[in-house]
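The listed protein sequences derive, respectively, from chains S and U.
Under my numbering, read the first sequence as residues 1 to 254, first letter to last.
Under my numbering, read the second sequence as residues 255 to 508, first letter to last.
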Amino acid sequence: MAGVKISNLKKQYIVDKQRIHALKNVNLTIPDGSFTTIVGKSGCGKTTLLRLLCGLEEPTEGVIEFTCREESCKEISGKSVGIVFQESRLMPWLTVKENMAFPLFKTKSKKQADKIVEEYLHIMGLGKFKNAYPSQISGGMAQRAAVGRTLCYNPDIILMDEPFAALDYFTRNNLQEEIVKLFLSQGKTIVFITHNVEEAVYLGEKIVVLNEGQVIMEHKVPLSYPRQSNTLDFINIKEEILNTIIGNREKLNA
Amino acid sequence: MKKIIGWVIPIIIMLIWTIGSALDLWNAYIIPSPIRVAQATLRLIESGMLFRHIVVSLNRVFTGFAVAFCLAFPLGIILGMKTKLIQFFNPMLEFIRHVPPLATVPMLILWFGIGETPKIVIIVLASFFPVFLNTLNGVLCCDKKLLEVGESFGFTSGEKFYKIILPATLPYIFVGMRLGLGYSWRALIGAELVAASSGIGYMILDAQQLSRTDVVIVGILAIGILGSVIDFLLLKLTEHLITWKEGDKQRGWS
Ligand SMILES: Nc1ncnc2c1ncn2[C@@H]1O[C@H](COP(=O)(O)OP(=O)(O)OP(=O)(O)O)[C@@H](O)[C@H]1O
Ligand SMILES: [Mg+2]
């Protein structure tokens with residue numbers, strides 16, 4: 001089990017000789033076993049932040065420290081961080097089931113790996129399509145398979161980059177409930193990116209609002225799971241977050 | 255239906271050939287009649303000559319192709335993974351690519367004598383590039399996003415190669431093999447020009463010297479049919495091994 005401490009994190013890209021400040025001085029603590037949602041407009045640096053967290057990108061400046069509950073997890077590095085990308089990124093030559101088993105090929109017991117995969121196939125509602133290839137399933141199913149694949153990997157910290165953005169309302173609701181259940185039962189650290197404020201409030205213990213590469217708000221959600229999106233408290237929090245994002249835009253326009 | 259359409263033109267040609275020959279519309283030496291060709295074929299089969307020549311030629315094609323593959327495949331993979339090396343090899347490979355293998359025959363005979371070696375070398379030269387270029391292209395086209403998936407699951411370089419790069423490159427490799435084998439057949443006659451005393455190419459040249467145009471046509475037909483059959487078998491093998499489809503990966507370079 002692990003949490004993350006981000007200090008003075010900066011990330012710049014050079015595009016066409018121009019310096020792009022994707023992240024400007026981000027400070028953020030993600031406690032062990034917490035559920036954090038990150039919202040923000042397109043291009044505000046959400047994906048960049050996740051890529052830095054899972055080591056696919058090196059920070060220009062600043063540090064990312066992994067904090068552990070147990071002493072045993074000194075070698076915390078790649079292994080304990082898993083990511084669900086914005087696109088499904090399934091291997092086109094593997095079936096749905098093989099894709100989900102993809103991170104498990106090193107597992108010694110094939111039987112055990114098979115059991116894990118079957119379980120998540122069921123949770124993701126992909127049982128019927130386990131032998132289909134990615135080109136034969138819908139975009140939503142592919143995304144579900146991608147979520148399932150990362151869950152099979154069973155990392156301590158799960159990073160999710162708008163995994164449900166492409167899904168229909170019903171599937172999304174289902175999966176949101178599943179994620180909450182998973183969070184409550186397994187106590188994993190989850191960082192979930194979305195541009196859907198309602199989803200952010202429904203899922204997160206804490207909501208982080210990112211704008212132009214900066215954290216402009218951290219908001220605790222004092223509601224217990226499972227949440228109802230039609231309660232007054234829920235709507236109030238949603239409004240507040242929305243206002244922060246929109247208000248910021250007005251400030252910029254002024 | 256599609257299969258039948260493909261036979262229309264050959265059948266028309268056969269008809270014109272048969273009727274024209276029956277009506278003596280052309281010189282029987284320049285275009286021997288189908289019956290004479292059939293008789294020649296029968297005689298060559300009965301005497302075991304045709305079979306013997308085919309075996310010799312097949313042997314050369316497969317040996318040459320196997321050698322070419324053993325050189326081209328690893329080189330394609332290595333250059334694809336270490337793209338900096340491409341600049342190192344590129345000028346030399348580009349030069350060799352533009353030299354027709356037959357142009358090297360005099361030197362090959364000087365260096366290797368008139369045994370099997372120069373013939374094999376010609377076939378190697380002819381079939382190296384399709385395999386090499388397609389393998390290289392396959393590795394270069396391997397989606398970086400899929401490699402990131404492997405990286406996020408903590409794969410080592412070796413695991414990324416076996417689990418991602420190799421399967422992603424497989425369709426390209428097969429295209430390269432099909433093209434390469436096709437080129438081997440084309441180079442065969444050239445190879446058997448080199449003081450050969452056996453093989454389909456030799457049979458054709460020998461028949462030319464004896465003014466046996468019917469035997470020449472038997473040789474041409476044998477090469478065309480064998481080439482098609484081998485290509486068909488390889489295609490079936492490809493379809494058997496690569497059950498997944500993605501875009502138009504089947505296209506290749508030559
Ligand atoms: N590999 C890269 N090279 C250059 N610039 C990049 C790269 N990745 C991201 N950027 C830039 O960094 C900024 C933030 O991008 P990022 O992908 O993090 O946004 P995002 O918040 O995830 O947006 P979206 O909601 O649309 O996915 C953008 O201006 C983008 O152009
Ligand atoms: Mg993004």
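By construction, the Cβ of each residue, glycine as well, lies at the ideal position given by its N, Cα and C atoms.
Against chain U, with Cβ distances strictly below 8 Å, would residue i count as a contact?
{"i": "residue 138 of chain S", "result": "no"}
{"i": "residue 133 of chain S", "result": "yes"}
{"i": "residue 54 of chain S", "result": "yes"}
{"i": "residue 92 of chain S", "result": "yes"}
{"i": "residue 148 of chain S", "result": "no"}
{"i": "residue 213 of chain S", "result": "no"}
{"i": "residue 13 of chain S", "result": "no"}
{"i": "residue 82 of chain S", "result": "yes"}
{"i": "residue 202 of chain S", "result": "no"}
{"i": "residue 4 of chain S", "result": "no"}
{"i": "residue 78 of chain S", "result": "Because residue 78 of chain S sits at a pLDDT of 45, beneath the cut-off of 50, its placement in the model cannot be relied upon, and the point is left open."}
{"i": "residue 143 of chain S", "result": "no"}
If you measure from the CB of residue i, is any heavy atom of ligand 1 nearer than 7 Å?
{"i": "residue 6 of chain S", "result": "no"}
{"i": "residue 17 of chain S", "result": "no"}
{"i": "residue 83 of chain S", "result": "no"}
{"i": "residue 307 of chain U", "result": "no"}
{"i": "residue 64 of chain S", "result": "no"}
{"i": "residue 481 of chain U", "result": "no"}
{"i": "residue 437 of chain U", "result": "no"}
{"i": "residue 40 of chain S", "result": "yes"}
{"i": "residue 122 of chain S", "result": "no"}
{"i": "residue 146 of chain S", "result": "no"}
{"i": "residue 55 of chain S", "result": "no"}
{"i": "residue 13 of chain S", "result": "yes"}
Can you name the residues of chain S whose CB is closer than 9 Å to the CB of residue i?
{"i": "residue 399 of chain U", "result": "85, 87 and 89"}
{"i": "residue 300 of chain U", "result": "Those do not exist, as residue 300 of chain U stays about 49 Å from chain S at its closest Cβ, beyond 9 Å."}
By DSSP, does residue i sit in helix, in strand, or in coil?
{"i": "residue 358 of chain U", "result": "helix"}
{"i": "residue 161 of chain S", "result": "strand"}
{"i": "residue 76 of chain S", "result": "With a pLDDT of 48 at residue 76 of chain S, under the threshold of 50, the predicted position of this residue should be treated as unreliable, though the coordinate-derived value follows. Coil at residue 76 of chain S, not helix or strand."}
{"i": "residue 12 of chain S", "result": "strand"}
{"i": "residue 62 of chain S", "result": "strand"}
{"i": "residue 236 of chain S", "result": "helix"}
{"i": "residue 383 of chain U", "result": "helix"}
{"i": "residue 445 of chain U", "result": "helix"}
{"i": "residue 206 of chain S", "result": "strand"}
{"i": "residue 122 of chain S", "result": "helix"}
{"i": "residue 324 of chain S", "result": "No answer is possible for residue 324 of chain S: it lies beyond the span of chain S, which begins at 1 and ends at 254."}
{"i": "residue 297 of chain U", "result": "helix"}
{"i": "residue 470 of chain U", "result": "helix"}
{"i": "residue 353 of chain U", "result": "coil"}
{"i": "residue 18 of chain S", "result": "strand"}
{"i": "residue 214 of chain S", "result": "strand"}
{"i": "residue 99 of chain S", "result": "helix"}
{"i": "residue 219 of chain S", "result": "strand"}
{"i": "residue 68 of chain S", "result": "strand"}
{"i": "residue 317 of chain U", "result": "helix"}
Should residue i be counted as a contact of ligand 2 given a C-beta to heavy atom distance under 7 Å?
{"i": "residue 86 of chain S", "result": "yes"}
{"i": "residue 46 of chain S", "result": "yes"}
{"i": "residue 485 of chain U", "result": "no"}
{"i": "residue 161 of chain S", "result": "yes"}
Along chain U, in chain order, which residues have C-beta atoms closer than 7 Å to that of residue i?
{"i": "residue 103 of chain S", "result": "407"}
{"i": "residue 120 of chain S", "result": "Result: empty, since nearest Cβ-Cβ is about 15 Å, beyond 7 Å."}
Please compile the residues from chain S whose C-beta is within a distance smaller than 7 Å of the C-beta of residue i.
{"i": "residue 403 of chain U", "result": "89"}
Give me the chain U residues within the contact set of residue i, using Cβ-Cβ distance strictly less than 8 Å, ordered along the chain.
{"i": "residue 153 of chain S", "result": "407"}
Does any CB atom of chain S fall closer than 8 Å to the CB of residue i?
{"i": "residue 439 of chain U", "result": "no"}
{"i": "residue 508 of chain U", "result": "Confidence in residue 508 of chain U is poor, its pLDDT being 38 and thus under 50, which makes the residue's placement unreliable; the coordinate value appears in the next sentence. Not an interface residue."}
{"i": "residue 498 of chain U", "result": "yes"}
{"i": "residue 273 of chain U", "result": "no"}
{"i": "residue 264 of chain U", "result": "no"}
{"i": "residue 421 of chain U", "result": "yes"}
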